[in-house]
Every structure is written in structure tokens, then in C-alpha cells.
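First up is the structure itself, then whatever we jot down about it.
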Amino acid sequence: MIEDEKRQAIESIGLIKELITQTEREMWYSGGGWISIIWGIFCLVGFSGQRLLYTTGPLRGLYWTKGVYWTILSLIAILATYLVVRSRVKTQSQKRRGYFIRGFFLFWIPLIILAYVLSSFCIFLPDISVKYIPIFILLVISTGYLIIGFLFNKEILFMGTIGFVGTVITGFLFLSYADIVLGLLFGVGLIVTGLISNLRWKEQKLLQKTG
Amino acid sequence: MPEEHIAIKLNKIFHQKARLGIMSILMVMEGVEFNYLKERLKLSDGNLSTHLSILEKKKYIKIKKKFVKKKPKTLCQLTEKGHQAFVEYINNLEKIIKSMPGAERK
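Top line first, the protein sequences correspond to chains A and B.
Quick note: the first sequence uses the working numbering, first residue 1, plus one each step.
Quick note: the second sequence uses the working numbering, first residue 1, plus one each step.
Listed below in C-alpha cells is the structure:
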């Protein structure tokens, strides 16, 4: 009888801890619509700009400048993300700040490094075309969205699925138009994901305020 | 028999998986919508309503119905009494676990 109570106590504590942790994580990610919007704009501007500058524009033929172009855009997006996150963590508890820092360093940083490693294969291995760079990067990023989506957020899961499938199809069928297709797919997809996330978050907040 | 004593003190209202889930989520979020709880805990409308009513009768939660953008919404909020009762419940669970033989060694 006592053993049964103890077993139940362990199970209950486990369930409480799991639900509290999941809810805290979900709270963190469900307010992150603006981050999704920033990276959506990054994809739209980045890919369409690349098309304009390098296909018909002034940088035609100067492919080495692509690295500089994407680095500048990435730095702007990272700075904007940092500002959004900073404005949000001000009101968060120390525990939630910890979730973000752990989430960022243990999740996104390794994925970004992986994307860079795969991209470097395209540059250093002559058999793999540099055209595959965005495909590799976006496959890795989509995998990141899929993992986060599975764990926390349905909208991000949807975006991850569309992104992953879309990138594979583009890689096989529309490689010459990859910048346009992927720019639109990830740009519009991430902006819509961010807007839906923000809308849900606002509704939740509105309910709490009027409660 | 201190172990038996702690076990008896456990609040039986929370000693149910669905209600334990509801209370755990409400401990984190200030207010939660009915459909959110339904989705998170994978419960039917009727089942969730029953559990919420039990918690509401004990004054552990408050349930408010309101309209947001012309759509009816049901909001569940934890009361101070509910918060205290659940914290006490968690403390008692921990006491039971600590009273296990060899628990200190772990």
C-alpha cells in the first residue's frame, strides 16, 4: 500500500515537472512571432536581392561578393533578433532567460555551424556545385524548425515541413530558380508563421488582461 | 508510521492525471483558454468540463466566459487558494519520495 503511494508520488512529480517545463518552453516560443518575421524578411530580401544584383545587376559575375552580401544581411537579421529578444527577456524570469540562452547556444548555433560546414563542401569539393549552398543551408534550417515544431509549436512544425519538402523539390527540379522559389517559400512562409504566432499570442494576452 | 501519515494528507482532488495536468499548466500561465487545455491534455470537451467543475467547486480555479472578437472563449485561472493547495500537494509528494528507503543516497 505504502509502496503504491510512493510509486504514484514519483509518477505525479514526474508528470508535474514535465508539464511545467513544457508549458514554460511553449510560452517562450509562442511569443517569438517577430523573430520568425525578421528571418522571413531576411529570406525575401536576401534571395530577391541576390537575383537582382547578380543576374542582371551591377554585381554580375562578382560571385565572391555573395559571401559579403549574405554576411551583412545575416548580421542585420541577428542584430534585429537580438533587439527583439532583449526587449522580451526584460520581462521574463531568470529561468526563462536561461531557456533562451540554452536554446540558442545548444540548438541554433550547432545547426548554423552544420550549415556552414555543408556549404564549405560546395566551395572546396569541385564535384559539388555552389548552387547547392542555399539548398544545404535551408535543409538544415528546416530541420531545426521541424525539431522545434515537434516539441513546441504547430505553426513552426508546418513551416518546417513545407520548408523541408519545398527545398528538396527545388533542389531536384528547379535548381536554376532556387533563389526565387526558396526566397518566396521561406520569406512568405516565415512571415505568415510569425503573424499567426503573434495573433495567437495576442489573443492569449487579451484573454488574460480581460480576465 | 510517518510515511502513512503523509500519504493520507495528500489532496485527493489533485490525485488524478487530468486535474494534475490542469493545475500544472495553470501554475505557469496566468490564464488559459479551454481549447488550449483540451489540446494540451488530449481530453474531450465533456471530460475537461467535468474536471474543471470539480476544481472550480473547490475554488482552486476561476472560470470566466467572455467574448474576444465576437467569439466565445472560456478562460481558466488559478486562484490563490488553488496555488497554495497545489504547492502543498507537491511538497507532500516530495516528502513521500524522500521517505523512501535509500532516497537520501540518491
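Note that the Cβ used here is the ideal one computed from N, Cα and C, for glycine as well.
Remember, it's a predicted structure, so these values are computed and weren't measured experimentally.
| Query | Result |
| --- | --- |
| Determine contact between the region 41-50 of chain B and the region 187-197 of chain A, defined as no fewer than three beta-carbon pairs at a distance below 8 Å. | no |
| Counting only the same chain and skipping the five closest in sequence on each side, list residues whose C-beta sits under 8 Å from that of residue 59/B. | 79, 81, 82 |
| Mind checking if residue 196/A is an interface residue toward chain B, Cβ cutoff 9 Å exclusive? | no |
| For the region 140-153 of chain A, list every residue whose C-beta sits within 9 Å of some C-beta in chain B, in sequence order. | none |
| Does the CB of residue 91/A have a neighbour CB from chain B at under 9 Å? | Low local confidence applies: a pLDDT of 49 at residue 91/A is under 50, so the model's placement there is unreliable, with the coordinate-based value given in what follows. No, no contact with chain B. |
| For residue 178/A, collect the residues of the same chain with a Cβ closer than 6 Å to its Cβ; drop the 5 residues on either side in sequence, then sort them by chain order. | 134, 170 |
| Would you check if the distance between the CB atom of residue 185/A and the CB atom of residue 162/A is smaller than 9 Å? | yes |
| Which two residues bound the contiguous alpha helix (DSSP H) that contains residue 150/A? | 133-151 |
| Distance, Cα to Cα, residue 160/A vs residue 19/A? | 24 Å |
| For a contact defined as C-beta to C-beta under 9 Å, what are the partners of residue 113/B on chain A? | With chain B covering 1 to 106 only, the question about residue 113/B has no answer from this structure. |
| What's the C-alpha gap between residue 64/A and residue 123/A? | 11 Å |
| Between the C-alpha atoms of residue 129/A and residue 165/A, what's the straight-line distance to the nearest angstrom? | 21 Å |
| Please list the terminal residues of the continuous beta strand (DSSP E) segment that includes residue 67/B. | 61-68 |
| Are the C-beta of residue 52/B and some C-beta of chain A separated by less than 9 Å? | no |
| DSSP beta-bridge partners for residue 76/B? | 32/B, 63/B |
| If you drop the 5 nearest sequence neighbours on each side, which residues of the same chain put their C-beta closer than 8 Å to that of residue 56/B? | 62, 63 |
| Just verifying my parser: in three-state terms, what is the DSSP assignment at residue 38/B? | helix |
| Can you tell me the Cα-Cα spacing of residue 91/A and residue 180/A, whole angstroms? | With a pLDDT of 49 at residue 91/A, under the threshold of 50, the predicted position of this residue should be treated as unreliable, though the coordinate-derived value follows. Each residue's alpha carbon lies about 39 Å from the other. |
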